[in-house]
Amino acid sequence: MSTFNFSRYLLFAMVSCISIFYTGCEKYSDDLSGLIRPKNGDVFLDGFTPGMNYAAFGGSVVTAFQADKEVTYNQSTASMRVDVPIVNDPRGSYAGGAYFLASGRDLSGYNVLTFWAKATKSAKINEVGFGNDLGANTYATAIYNVPVTTFWQKYYIPIPDPSKLTNERGMFYFAEGHEDSAGYSFWIDEVKFEKLGTILRRESMIMNGANTSNNSAKGVETPITGLFTNFSLPDGTNLKMPTPASYFTFESTNPTVASVSNSGKVNALNLGYSVISASLAGQKANGSMVVNVSGFINAPTPTYPSSSVVSLFSDNYANRPIDFFNGYWEPFQKTRSADFKIGTDNILNYTDFNFVGISFANPVFDATNYSTLSMDIFVPDASLNPGIQFKITVRDFGSNGTDGGGDDTDKVVTFTNSSLAAGGWKTLKIPLDMPKKSKLGLIILSDSDLGNFKNFYLDNIFFHN
Amino acid sequence: MINFKSYNILTYIILLSIGCTFITCSKDGEGQKLPKREWTIAWSDEFNDNLVASPDVSKWSFNIGVGPNNDGWGNQELQYYTDRLDVVSTDGKGNLRIVAKKENLNNREFISGRIMTKGKFSQKYGKIEARIKTPSGPGIWPAFWLLGNNIDTVQWPNCGEIDIMEQKGNQPNTVFGSLHGPGYSGGNSKSGTYSLMNDRFDNDFHIYAVEWYEDRIDYFVDGYLYNRINKTDVSGKWVFDQPFFIILNVAVGGNFVGFPNVNTAFPQTMQVDYVRVYK
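Protein chains in written order, with this note's numbering: chain A, 3 to 467; chain B, 2 to 280.
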């Protein structure tokens, strides 16, 4: 297990379809309304169930998966073998792919996907799941950092609400990177959906089960996060499983103030407050979000004359060319953007923050005559989490004028809670006291490993002297 | 529930092998043709308080702490037993609840509860049953059991112990019914198990009972006889001809069940709808 997170990759990266197994055995018809969908729960027993397609994920080693007739579970005819590449393998950075059907099955009679697995050495597989159909992935559900050893063990991926899976095409998927730089192989066999009375669904939760509050403003969209369901597995162990918003039913006590979408996005519509709650399979989820919609407070208007400013993002100055405000550096980055506009004021909004890049390298910026990078930041949470470490890195690309190559120079400033305000704007100043600053091209914003800084707005990002 | 005595891994393994003899999957006595028995209610607690209250003091008292020898009640159990209302109380909905929590108290990492009828109620022979929804998870050890009234004079295991229900939280589909006495205690107890094929005991309430006669003790789950221990089956002296008192508890960790881990969810609650004793 390398430490990066594949989930966004799985959702958005495409995909080279390299092989199709056993086609032609099962007839599907896409044009019949009232179609009775197959209820078959088999995925891979002695081979793939008929009609299965496989596609390797983008950036992965496309030949990482193959059927194996030598090493199998319980003397079955074949297993699935995955060869995980070493670090820096030129063929791809990881092994990953999805097994999906052309037409959906009705899996509502099952409550868990089970499989057996073992590996050439003890390892943790980053992600194994179902519901990845290389389309909307509406009900994509996975277990993470799955520990495998050198002997066969059975694994369980519970279905948060089986009644949702009446037309599911995504039967199985996996993604795994190197272990401490080393490659290895693992085997998976007897993959099937089952109905097991030995698995119990316990409580679900939003906002990690906490009753939270959020200062929002008209026009701002805020995601409901911290979505999990607890399951008790047959050995009594608790599995806290990340649960897609699509399994939940969201509710707003005051929808004219704040609406909530099926995907758990809260839209602030009018002044007032509303409580967002959720249920899953008819059972109320723990946790809630009080949304307090106020008139939006604009960032303070900068006072520097435009002659002494080079702006990256502001409605108060002309802005220089920008490559992007969110590089979506998959697969490591989780940060999403939910930028918005209040009146004529554009605001950058980062959610699910871990780190993000703002690139302005075409052309690079010569900051020789500028002393400071300034930006305004607003934290919409009702209170600041303790111990925030918000790191801002300004990068000079050095003589080669591009990112990397060993000649870069970074200026790093870390801001803590005293520099931030919940529900208010603060201005952060980064002194450009760098040995080289004639070829600035990148700002990296990052959170500490604590992960306690998730959501903020930015405005008025500019250099001045 | 083994009392006041620890035993080693070897005997634990022996216990497991004994426990395999009575595995069955039928429910509600289907397929069993037992002779009709007539029982008359002699004592009960229905826990029907409509408020959250400590158990009826006329019926129950608490065990507090870590056992008289500071050894986790003879079993290396990890919890500190307390009488706190958030740990042992009626739930206001017709049940007793015993809640095991991960909370430090007196140098112990967990707290839980153990109540008994010692000195308040005991009976020789009859039917003793309870309707219980058990907790689960690695290291969780719920029990409904009986000890001989003369424990303070003859000591355990000479006093005898009848375990009507014990469960290992890492095997939530299996119930253990056991008998301990002189020469057949700890890992050498007489024990039987009953396992659900595709269900779990912690998923719902189940009725756990023994029918105790002069010459045998029969163990039931939901009316199904799964274990019969005859007087002639035990290797030592039969000590089940004197009054016994009732104990309800949830242990955390210990020799019988093993120890909790990061995947054990807390709190874990045992709900008891009623305890009934018949003659």
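Positions of the beta carbon are idealized from the N, C-alpha and C atoms, including for glycine.
All values derive from a computational prediction rather than experimental measurement.
- CA-CA distance, G188 of chain B and Y82 of chain B? 24 Å
- Exposure label - F153 of chain A; buried when at least 16 CB within 10 Å: exposed
- Query: Shortest alpha-carbon distance to D237 of chain A belongs to which of A:Y157, A:R93, A:L282 and A:T395?
  - Reply: A:Y157
- Hey, out of B:V89, B:G66, B:A131 and B:W74, whose CA is closest to L52 of chain B's CA? The option with the nearest alpha carbon to L52 of chain B is B:V89.
- Query: Would S218 of chain A pass as a contact of V293 of chain A if the rule is Cβ separation under 8 Å?
  - Reply: If you check the CB distance, S218 of chain A and V293 of chain A come in under 8 Å.
- Separation of S124 of chain A from Y96 of chain A, as counted between CA atoms: 17 Å
- Message: For G127 of chain B, would you say it is in contact with chain A, using Cβ-to-Cβ distances shorter than 8 Å as the test?
- Response: False, the Cβ-Cβ gap to chain A never drops below 8 Å.
- Does the pairing of the region 110 to 126 of chain B with the region 221 to 234 of chain B give three or more beta-carbon distances under 8 Å? no
- Should the region 444 to 464 of chain A be called in touch with the region 344 to 354 of chain A, which here means at least 3 C-beta pairs below 8 Å? The region 444 to 464 of chain A vs the region 344 to 354 of chain A: in contact.
- Identify whether W331 of chain A lies in helix, strand or coil by the three-state DSSP scheme. coil
- Ordered along the chain, which non-local residues of its own chain (more than five positions away) have a Cβ less than 8 Å from that of R204 of chain A? T231, N232, F233, S234 and N240
- Could you list which residues in chain A have their beta carbon closer than 7 Å to that of N199 of chain B, in chain order? L198, G199 and T200
- Task: Have a look at D191 of chain A and Y175 of chain A and give me their C-alpha separation to the nearest angstrom.
- Result: 13 Å
- Query: Between the C-alpha atoms of T65 of chain A and D44 of chain A, what's the straight-line distance to the nearest angstrom?
  - Reply: 24 Å
- Reducing DSSP to helix, strand and coil, say where F202 of chain B ends up. helix
- Query: Quick one, are the C-beta atoms of T270 of chain B and F202 of chain B less than 8 Å apart?
  - Reply: no
- Taking only beta carbons into account, state which residues of the region 243 to 265 of chain B come closer than 8 Å to chain A, listed in chain order. N262, N264 and T265
- Message: Would you call the region 104 to 120 of chain A in contact with the region 206 to 224 of chain A, where contact means no fewer than 3 C-beta pairs closer than 8 Å?
- Response: Inter-segment contact for the region 104 to 120 of chain A and the region 206 to 224 of chain A is absent: fewer than three beta-carbon pairs are separated by less than 8 Å.
- Query: Sorted by chain position, which residues of the same chain lie with C-beta nearer than 7 Å to D409 of chain A's C-beta, five sequence neighbours on each side aside?
  - Reply: G400, S401 and N402
- Query: So, is the C-beta of G95 of chain B closer than 8 Å to a C-beta in chain D?
  - Reply: Of the protein chains in the structure, A and B, none is chain D.
- Task: Look up S316 of chain A in the DSSP assignment and say whether it is helix, strand or coil.
- Result: Residue state, collapsed to three classes: coil.
- C-beta atoms of F392 of chain A and L442 of chain A nearer than 8 Å: Between F392 of chain A and L442 of chain A, the CB-CB gap reaches or exceeds 8 Å.
- Item | Backbone secondary structure at W44 of chain B - three-state DSSP | strand
- Task: In the DSSP assignment, find the beta strand (DSSP E) that holds D44 of chain A and state where it starts and stops.
- Result: D44 to F46
- Name the residues in the region 117 to 146 of chain B whose C-beta lies less than 8 Å from a C-beta of chain A; which are they? Result list: S137, G138, P139 and I141.
- What span of residues does the alpha helix (DSSP H) with I152 of chain B cover, start to end? I152 to V155
- Can you have a look at S243 of chain A and say buried or exposed, based on whether 16 or more other CB atoms are within 10 angstroms of its CB? A small fix is needed here, since residue 243 of chain A is Met in this sequence, not Ser. Buried, since its Cβ has 16 or more Cβ neighbours within 10 Å.
- Query: When the Cα atoms are used, what is the spatial distance from E215 of chain B to W157 of chain B?
  - Reply: Taking the straight line joining both Cα atoms gives about 21 Å.
- Does the beta carbon of P268 of chain B sit closer than 8 Å to a beta carbon anywhere in chain A? no
- Message: According to DSSP, is K169 of chain B part of a helix, a strand, or is it coil?
- Response: coil
- Message: Is T239 of chain A close to chain B? Criterion is C-beta to C-beta, closer than 8 Å.
- Response: yes
- Step through the CB atoms of chain B and report whether any lies within less than 8 Å of the CB of N402 of chain A. Not one chain B Cβ lies under 8 Å of N402 of chain A.
- Query: Is any beta-carbon of chain A found at less than 8 Å from that of G75 of chain B?
  - Reply: Under the Cβ distance rule, G75 of chain B does not count among the residues neighbouring chain A, no pair being separated by less than 8 Å.
- Query: Residue range of the beta strand (DSSP E) that M436 of chain A falls in?
  - Reply: Taken as a continuous stretch (DSSP letters only), M436 of chain A belongs to no beta strand (DSSP E), as it is neither H nor E.
- Which chain B residues sit within Cβ distance under 7 Å of N210 of chain A? The premise fails here: N210 of chain A is roughly 15 Å from chain B at the closest Cβ pair, so nothing lies under 7 Å.
- Task: Give the residues of chain A in contact with N171 of chain B, contact being defined as C-beta atoms less than 8 Å apart.
- Result: D237, G238 and T239
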